[in-house]
(Lines of atoms letter the chains of each structure in order from A and count residues from 1; the text may use other names and numbers.)
(Lines give C-alpha, C1' and ligand atoms only; values in the text may rest on other atoms or scores of the structure.)
Protein backbone atom coordinates (compact mmCIF):
# COMPACT_ATOMS: atom_id res chain seq x y z
CA UNK A 1 0.00 0.00 0.00
CA UNK A 2 1.21 3.48 -0.82
CA UNK A 3 2.15 5.68 2.09
CA UNK A 4 0.34 8.97 2.36
CA UNK A 5 2.09 11.83 4.06
CA UNK A 6 0.65 15.16 5.15
CA UNK A 7 2.23 18.38 6.35
CA UNK A 8 1.98 18.93 10.11
CA UNK A 9 3.66 22.07 11.36
CA UNK A 10 7.19 22.10 9.93
CA UNK A 11 7.47 18.32 9.39
CA UNK A 12 5.55 15.75 7.38
CA UNK A 13 3.80 12.91 9.15
CA UNK A 14 2.06 9.79 7.99
CA UNK A 15 -1.74 10.13 7.89
CA UNK A 16 -3.61 8.12 10.44
CA UNK A 17 -0.63 7.63 12.73
CA UNK A 18 -1.58 9.34 16.00
CA UNK A 19 1.94 8.94 17.39
CA UNK A 20 3.37 10.88 14.42
CA UNK A 21 0.66 13.52 14.77
CA UNK A 22 1.67 13.98 18.42
CA UNK A 23 5.35 14.40 17.55
CA UNK A 24 5.03 17.80 15.87
CA UNK A 25 7.75 20.43 15.94
CA UNK A 26 6.84 23.91 17.08
CA UNK A 27 9.38 26.71 17.52
CA UNK A 28 12.27 24.22 17.65
CA UNK A 29 10.70 22.09 20.39
CA UNK A 30 9.21 18.65 19.79
CA UNK A 31 5.84 18.09 21.43
CA UNK A 32 5.34 14.42 22.29
CA UNK A 33 2.25 13.24 24.13
CA UNK A 34 1.73 16.66 25.74
CA UNK A 35 5.35 16.89 26.94
CA UNK A 36 7.69 19.60 25.75
CA UNK A 37 11.05 18.09 24.94
CA UNK A 38 14.35 20.01 24.78
CA UNK A 39 15.63 20.80 21.30
CA UNK A 40 18.90 19.42 19.94
CA UNK A 41 21.53 21.71 18.41
CA UNK A 42 22.80 19.37 15.66
CA UNK A 43 23.67 15.82 14.68
CA UNK A 44 27.08 15.05 16.21
CA UNK A 45 27.92 11.46 15.25
CA UNK A 46 27.03 9.25 12.31
CA UNK A 47 28.11 5.60 12.43
CA UNK A 48 28.79 3.14 9.64
CA UNK A 49 29.55 -0.53 10.24
CA UNK A 50 32.25 -1.88 7.95
CA UNK A 51 34.05 -5.12 7.29
CA UNK A 52 37.47 -3.36 7.29
CA UNK A 53 37.71 -0.04 9.15
CA UNK A 54 41.13 0.88 7.74
CA UNK A 55 39.98 0.31 4.15
CA UNK A 56 36.86 2.42 4.78
CA UNK A 57 38.79 5.16 6.56
CA UNK A 58 41.25 5.29 3.67
CA UNK A 59 38.36 5.69 1.22
CA UNK A 60 36.80 8.59 3.17
CA UNK A 61 40.16 10.25 3.85
CA UNK A 62 41.22 10.09 0.20
CA UNK A 63 37.91 10.98 -1.45
CA UNK A 64 36.57 13.54 1.02
CA UNK A 65 39.71 14.64 2.86
CA UNK A 66 38.19 13.85 6.27
CA UNK A 67 41.01 13.82 8.85
CA UNK A 68 41.32 10.96 11.32
CA UNK A 69 40.94 12.10 14.94
CA UNK A 70 40.85 8.76 16.77
CA UNK A 71 41.74 5.14 16.09
CA UNK A 72 41.05 2.13 18.28
CA UNK A 73 42.95 -0.44 16.27
CA UNK A 74 40.77 -2.64 14.10
CA UNK A 75 37.49 -1.80 15.91
CA UNK A 76 36.94 1.94 15.35
CA UNK A 77 38.26 4.89 13.38
CA UNK A 78 36.75 8.36 13.86
CA UNK A 79 36.92 10.96 11.08
CA UNK A 80 36.17 14.66 11.50
CA UNK A 81 33.48 16.07 9.21
CA UNK A 82 32.77 19.70 8.33
CA UNK A 83 30.31 21.36 10.69
CA UNK A 84 31.63 19.90 13.97
CA UNK A 85 30.43 16.35 13.49
CA UNK A 86 32.19 13.01 13.13
CA UNK A 87 31.90 9.83 11.11
CA UNK A 88 32.39 6.73 13.26
CA UNK A 89 33.62 3.72 11.29
CA UNK A 90 33.03 0.56 13.35
CA UNK A 91 34.07 -2.95 12.39
CA UNK A 92 30.93 -5.07 12.10
CA UNK A 93 30.47 -7.24 15.17
CA UNK A 94 33.22 -5.54 17.19
CA UNK A 95 30.95 -3.44 19.44
CA UNK A 96 28.44 -6.05 20.57
CA UNK A 97 29.69 -5.96 24.17
CA UNK A 98 29.56 -2.95 26.54
CA UNK A 99 32.69 -0.78 26.47
CA UNK A 100 33.83 0.44 29.89
CA UNK A 101 35.80 3.67 30.26
CA UNK A 102 36.91 5.64 33.33
CA UNK A 103 33.96 8.00 32.71
CA UNK A 104 31.28 5.34 32.18
CA UNK A 105 30.07 2.59 29.88
CA UNK A 106 28.98 2.69 26.21
CA UNK A 107 26.14 0.22 25.60
CA UNK A 108 26.59 -2.44 22.89
CA UNK A 109 25.59 -1.64 19.30
CA UNK A 110 26.07 -3.03 15.83
CA UNK A 111 24.61 -2.80 12.36
CA UNK A 112 23.96 -5.03 9.36
CA UNK A 113 23.31 -4.26 5.74
CA UNK A 114 23.95 -1.07 3.84
CA UNK A 115 22.84 2.43 4.75
CA UNK A 116 22.72 5.89 3.18
CA UNK A 117 24.57 9.15 3.84
CA UNK A 118 24.24 12.44 1.96
CA UNK A 119 26.89 15.16 1.79
CA UNK A 120 26.29 18.75 0.70
CA UNK A 121 28.47 19.83 -2.25
CA UNK A 122 27.70 23.54 -1.81
CA UNK A 123 26.68 25.88 -4.63
CA UNK A 124 28.22 24.85 -7.94
CA UNK A 125 30.12 21.95 -6.36
CA UNK A 126 28.56 19.00 -8.16
CA UNK A 127 30.67 19.33 -11.32
CA UNK A 128 33.85 18.97 -9.26
CA UNK A 129 32.42 15.83 -7.64
CA UNK A 130 31.60 14.35 -11.05
CA UNK A 131 35.25 14.86 -12.03
CA UNK A 132 36.63 13.56 -8.70
CA UNK A 133 34.56 10.39 -8.85
CA UNK A 134 35.56 9.79 -12.48
CA UNK A 135 39.25 10.27 -11.57
CA UNK A 136 38.88 7.66 -8.79
CA UNK A 137 36.97 5.33 -11.14
CA UNK A 138 33.95 5.37 -8.82
CA UNK A 139 30.74 4.66 -10.70
CA UNK A 140 27.85 7.09 -10.32
CA UNK A 141 24.80 4.84 -9.98
CA UNK A 142 22.16 7.51 -10.34
CA UNK A 143 21.57 11.23 -10.84
CA UNK A 144 18.35 12.81 -9.58
CA UNK A 145 16.98 16.26 -10.45
CA UNK A 146 14.72 17.16 -7.52
CA UNK A 147 11.42 19.08 -7.83
CA UNK A 148 12.79 21.95 -5.70
CA UNK A 149 15.72 22.38 -8.09
CA UNK A 150 18.54 20.48 -6.38
CA UNK A 151 20.55 17.67 -7.94
CA UNK A 152 21.95 14.51 -6.32
CA UNK A 153 24.46 11.93 -7.48
CA UNK A 154 24.66 8.49 -5.86
CA UNK A 155 27.59 6.07 -5.55
CA UNK A 156 28.87 3.37 -3.15
CA UNK A 157 31.65 3.14 -0.59
CA UNK A 158 33.77 -0.06 -0.27
CA UNK A 159 31.15 -1.71 1.99
CA UNK A 160 28.28 -0.90 -0.36
CA UNK A 161 26.86 1.97 1.69
CA UNK A 162 24.99 4.38 -0.57
CA UNK A 163 26.57 7.83 -0.63
CA UNK A 164 24.91 10.91 -2.06
CA UNK A 165 26.39 14.25 -3.03
CA UNK A 166 23.77 17.02 -3.14
CA UNK A 167 23.84 20.44 -4.75
CA UNK A 168 20.94 22.75 -3.92
CA UNK A 169 18.11 22.85 -1.44
CA UNK A 170 16.47 19.47 -2.06
CA UNK A 171 14.50 19.51 1.21
CA UNK A 172 13.32 23.12 1.18
CA UNK A 173 14.97 23.81 4.53
CA UNK A 174 15.41 27.38 5.72
CA UNK A 175 19.20 26.91 5.83
CA UNK A 176 19.03 26.03 2.16
CA UNK A 177 21.19 22.94 2.46
CA UNK A 178 23.65 24.56 0.08
CA UNK A 179 26.07 26.38 2.36
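In the working numbering, the protein residues as written are 147 to 325.
Idealized CB from N, CA, C, for every residue including glycine.
The bridge partners DSSP lists for residue 311 are 265 and 299. Looking from the CA of residue 225, the closest CA among 219, 213 and 236 belongs to 213. For the pair residue 199 and residue 210, the Cα-to-Cα distance works out to about 16 Å. With contacts defined as CB atoms closer than 8 Å, residue 314 and residue 297 qualify as a contacting pair. Across the structure, residue 185 and residue 195 are spaced so that their CA atoms are roughly 28 Å apart.
Shown here, residue 234 sits in a strand according to DSSP, grouped into three states. Per DSSP, reduced to three states, the secondary structure at residue 285 is coil, with no helix or strand assignment.
Collapsing the DSSP output to three states places residue 199 in a helix.
Sorting 227, 243 and 222 by C-alpha distance to the C-alpha of residue 237 places 222 at the top.
Taking a contact as a CB-CB distance under 8 Å, the pair residue 305 and residue 202 counts as one, their CB atoms being some 6 Å apart.
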